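K.L.:
Residue numbers (my numbering), protein chains in the order written: chain C, 90 to 241; chain H, 90 to 241.
Protein chains: 2
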Amino acid sequence: MNRSNHWLKILQEDGCRITSPRRVIIDVLINSPRALQPTEIYALCKEKHPGIGLVTVYRTLERLESLGLIQRVHREDGCHMLMPAADGHEHYLVCTTCGRTILFEGDDLGTLFTRVESSTGYQVNEHWLQLFGTCPGCQDNNLLVESKVDHA
Amino acid sequence: MNRSNHWLKILQEDGCRITSPRRVIIDVLINSPRALQPTEIYALCKEKHPGIGLVTVYRTLERLESLGLIQRVHREDGCHMLMPAADGHEHYLVCTTCGRTILFEGDDLGTLFTRVESSTGYQVNEHWLQLFGTCPGCQDNNLLVESKVDHA
DNA sequence: ATATTATTGAAAATCGTTTTCAATAAGAGC
DNA sequence: GCTCTTATTGAAAACGATTTTCAATAATAT
Chain C
90 MNRSNHWLKI LQEDGCRITS PRRVIIDVLI NSPRALQPTE IYALCKEKHP
140 GIGLVTVYRT LERLESLGLI QRVHREDGCH MLMPAADGHE HYLVCTTCGR
190 TILFEGDDLG TLFTRVESST GYQVNEHWLQ LFGTCPGCQD NNLLVESKVD
240 HA
Chain H
90 MNRSNHWLKI LQEDGCRITS PRRVIIDVLI NSPRALQPTE IYALCKEKHP
140 GIGLVTVYRT LERLESLGLI QRVHREDGCH MLMPAADGHE HYLVCTTCGR
190 TILFEGDDLG TLFTRVESST GYQVNEHWLQ LFGTCPGCQD NNLLVESKVD
240 HA
């Protein structure tokens, strides 16, 4: 079973009905290489399903988020972008040039937490880590641009 | 020189004028034990300077943020809360019960970054870490509440 | 003391998001 | 397949947070 059907099944088990707007929204989310804002999702959905309403996008996103299927990706300027959720010890790694976002395992943070707990007295029970950088593709593009500049 | 005057000096060096609304806003930010939303800052400022306008609060916050003096603190539901900025390798540790937020040093993340770089091909150049937990005060309160419940 | 110009606060505009509501369509039962 | 129930839909209106506009004010340089 592909991911899209998996999500639909989870929705159904939660008592939701499977509708074409929902199919389209899930499709857009799953196939995007980067986090998207609600309005971007709306625009992409409109291409495949012109009649869709922005309100339906918001309502579906709310459902998906509360079911833990999607998650906010935070950036300096805000936190309105959404992506399929990370699970377990996974965290996002965001390309600051093109936005391409992937997940990585961050399971070696235990010692940091222990150290922070003993130095602050806080009881740490949740953490939130995101890395920013340049993806392989954008590194190559930069090289191309640089060599162009060199020759100019 | 106290922190408040330090901030005022930085503003002045950037070509800003020192006004009483700005003094009050800075005072509120520096003396809060937790991150505040713009409207909360506005309300607190009004106590000391009733004539102040919400617009001035927004404008001053924008200045302070762009000068790197304050920073957004992100939470599950949003990222509209502001605190004096962390510098260097510092990160926020937020109490999920009362909001009390402190800074801790997170300088042992180098090995994680190296590992992620070699496994993903991304070039990591910025990271973002926040911890959530229970502060010492709220741990004590929980104990009190629990023992009350036990005796009931 | 004066002139210059950044800053102010109120009102209006704008943006993203939520609510309201009547019409529609998904899925359960027959 | 047909009917009934009710979740879902899209449009319009409402809403809250933030930004813009603008004339009046006040901080600083001279």
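Every residue gets a Cβ at the ideal spot worked out from N, C-alpha and C, and that includes glycine. This one's a predicted model, so the numbers in the text were calculated from it and none came from an experiment.
Would you report the Cα separation of H/Pro139 and C/Asp229, rounded to the nearest angstrom?
P.N.:
Whole-angstrom Cα-Cα distance: 56 Å.
K.L.:
Is the distance from the Cβ of C/Ile159 to the Cβ of C/Ala174 below 8 Å?
P.N.:
Against a cut-off of 8 Å, the Cβ pair of C/Ala174 and C/Ile159 comes out as a contact.
K.L.:
CB H/Gly177 to CB C/Gln212, shorter than 8 Å?
P.N.:
For H/Gly177 and C/Gln212, no; Cβs fall outside 8 Å.
K.L.:
Just checking my contact of H/Val162 with H/Cys134 at CB under 8 Å: how many whole Å lie between their CB atoms?
P.N.:
Not quite, the Cβ-Cβ distance comes to about 19 Å (not below 8 Å), so this is no contact.
K.L.:
Any idea which residues DSSP pairs C/Val183 with across the strands?
P.N.:
In DSSP, C/Val183 forms a bridge with C/Thr190, C/Phe221.
K.L.:
Rounded to whole angstroms, how far is the Cβ of H/Ile119 from the Cβ of H/Leu156, which I believe are closer than 8 Å?
P.N.:
Their Cβ separation, rounded to whole angstroms, is 14 Å, which puts H/Ile119 and H/Leu156 out of contact at 8 Å.
K.L.:
In the DSSP output, what is H/Leu125 paired with across the bridge?
P.N.:
For H/Leu125, which the question treats as bridged, DSSP gives the partners H/Leu171.
K.L.:
Please report the straight-line C-alpha distance between C/Pro225 and C/Glu151, rounded to a whole angstrom.
P.N.:
Their backbone Cα atoms lie some 33 Å apart in a straight line.
K.L.:
What do you reckon, are the CB atoms on H/Met170 and H/Gln126 nearer than 8 Å?
P.N.:
In contact: H/Met170 and H/Gln126 (Cβ atoms closer than 8 Å).
K.L.:
Answer with buried or exposed for C/Ile107, where buried requires no fewer than 16 other C-beta atoms within 10 angstroms of its C-beta.
P.N.:
Flag for C/Ile107 reads exposed.
K.L.:
Run down chain C in chain order and give the residues with a C-beta less than 9 Å from the C-beta of H/Ile191.
P.N.:
Those are Thr209, Tyr211, listed as they occur along chain C.
K.L.:
Over what stretch of residues does the beta strand (DSSP E) that includes H/Ile159 continue unbroken?
P.N.:
Residues 159–164.
K.L.:
Tell me the rounded alpha-carbon separation between C/His216 and C/Asp103.
P.N.:
Approximately 28 Å between the Cα atoms of the pair.
K.L.:
Can you tell me which of the three DSSP states C/Asn214 falls into?
P.N.:
C/Asn214 falls in the strand class under three-state DSSP.
K.L.:
Please classify C/Ile130: does DSSP put it in a helix, a strand, or coil?
P.N.:
Helix.
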